[in-house]
Amino acid sequence: MNPLLPQFPESLVQMLHSPDLSTLHGHVQTVAQALGFEHFVYALRVPENFTQSSILMVDGYPPGWTGHYMAQAYHAHDPVIRYCSRNILPVLWHGVPGGASEPDARRIMGEAAEHGLCTGLSVPLHTPHGELGIFSGTVSRVGRAAQADIAQAQAHAHLLASYVHEALRRLAPMPPQRPVLSPREQQVLRWAADGKTSWEISCLLHISERTANFHLNTVAQKLGVFSRQHAIARALLLGLIQPSPF
């Protein structure tokens with residue numbers, strides 16, 4: 001075990017309170033190296049609408065790789081991205097579904113290896129705001145020994161991802177603040193998402209149909225949309241409504 005790991009909890013607290021992005025990058029790099037990673041990245045997708053998202057990063061990958069990756073839109077065929085968008089458990093790159101069987105995926109993973117990203121681990125993080133974060137740590141070695149070393153870091157990497165996320169979200173410029181829906185507005189919109197008409201919502205909530213429509217119109221104004229369907233879709237995208245009871 002790296003001698004820095006006994007200070008792991010303290011390192012996470014320091015990271016969380018980083019005063020700026022440069023300091024955060026330094027803290028993450030120190031902890032990642034203590035876990036045995038040579039390179040790392042934390043990428044956070046912040047949805048703005050269904051056709052556009054902001055991408056925030058703490059990038060410790062080799063120079064040139066991230067820019068090449070984004071320019072080639074590799075995210076569309078990256079098996080690690082696909083896995084992380086649908087799952088919550090960490091994944092070892094050599095075991096990611098589709099990584100070895102799909103030509104596009106093989107090309108992406110092959111080019112990553114050429115940049116020194118040979119053996120890796122990725123940790124997905126799904127937030128209540130509809131965001132997707134992915135922490136990845138890699139080494140330039142290959143083989144079973146490298147895979148075993150990476151696998152041992154899974155638990156620490158999972159916790160590290162959560163702390164990096166909180167620090168990055170505090171420090172990085174974020175898209176315009178999400179509107180706040182009142183409990184009643186959320187309640188009305190959830191019933192609308194279940195396909196209920198305004199009259200049905202009024203009966204379920206013991207309010208007038210006019211009041212139900214008032215709440216739906218207010219929600220649409222807050223979200224900057226012009227239809228009930230668009231309001232439902234945008235609220236779901238932004239994580240403003242969830243199924244009951246939570």
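Under full-length UniProt numbering, the letters of the sequence shown match residues 1 to 246, in that order.
For glycine and all other residues, C-beta sits at the position ideal for the given N, C-alpha and C.
Considering only the alpha carbon of each residue, which of the options lies closest to residue i?
i: A172; options: L16, M15, L21 and G120; result: L21
i: R45; options: S202, L181 and H165; result: H165
i: R86; options: P103, V123, A105 and A112; result: V123
i: R234; options: E209, K196 and P179; result: P179
i: F135; options: D59, Q186, Q7 and P128; result: D59
i: I88; options: W199, C118 and A161; result: A161
i: T218; options: L12, L181, E10 and Y69; result: L181
i: H215; options: Q7, L237, R190 and G195; result: R190
i: C118; options: A148, P245 and W93; result: W93
i: A113; options: S18, A151, W65 and A71; result: W65
i: Y69; options: E111, L205 and G133; result: E111
i: P183; options: Q52, G195, K196 and L205; result: L205
i: F40; options: T127, M57 and Q152; result: M57
i: S54; options: M174, T23 and N213; result: M174
i: A145; options: G36, P19 and Y42; result: G36
i: Y42; options: G133, I150 and T197; result: G133
If we count the other Cβ atoms within 10 Å of its Cβ and call it buried at 16 or more, is residue i buried or exposed?
i: S101; result: exposed
i: I241; result: buried
i: H25; result: buried
i: V142; result: exposed
i: E131; result: buried
i: A148; result: exposed
i: V188; result: buried
Could you please give me the residues that DSSP links to residue i through a beta bridge?
i: R45; result: I55 and L132
i: G120; result: T138
i: V91; result: S122
i: G224; result: Paired residues: none, contrary to the question.
i: H39; result: T138
i: G60; result: F40
Output needed for residue i: all residues of its chain with C-beta closer than 6 Å, excluding positions within five of it in sequence on either side, in chain order.
i: M15; result: H27, Y163 and A167
i: H129; result: G239
i: W199; result: E209
i: S244; result: none
Please go through the same chain and pick out, in chain order, the residues whose beta-carbon is closer than 7 Å to the beta-carbon of residue i, but skip the five residues on each side of it.
i: Y74; result: I108
i: V96; result: P79, V80 and Y83
i: H77; result: D104, A105 and I108
i: E185; result: H215, T218 and V219
i: L223; result: P179, A231, R234 and A235
i: S18; result: L24, H27, A167 and L171
Residues in its own chain within less than 8 Å of residue i by CB, not counting five upstream and five downstream?
i: T211; result: S202
i: V225; result: A231 and R234
i: P90; result: L121, S122, V123, P124, Q154, A157 and H158
i: S11; result: L4, H27, T30, V31 and A34
i: F50; result: A233 and L237
Contact check, residue i vs residue j under 8 Å by CB: the rounded distance?
i: E48; j: V139; result: About 35 Å; that fails the 8 Å criterion.
i: P62; j: G99; result: Their Cβ separation, rounded to whole angstroms, is 20 Å, which puts P62 and G99 out of contact at 8 Å.
i: A192; j: R228; result: 6 Å
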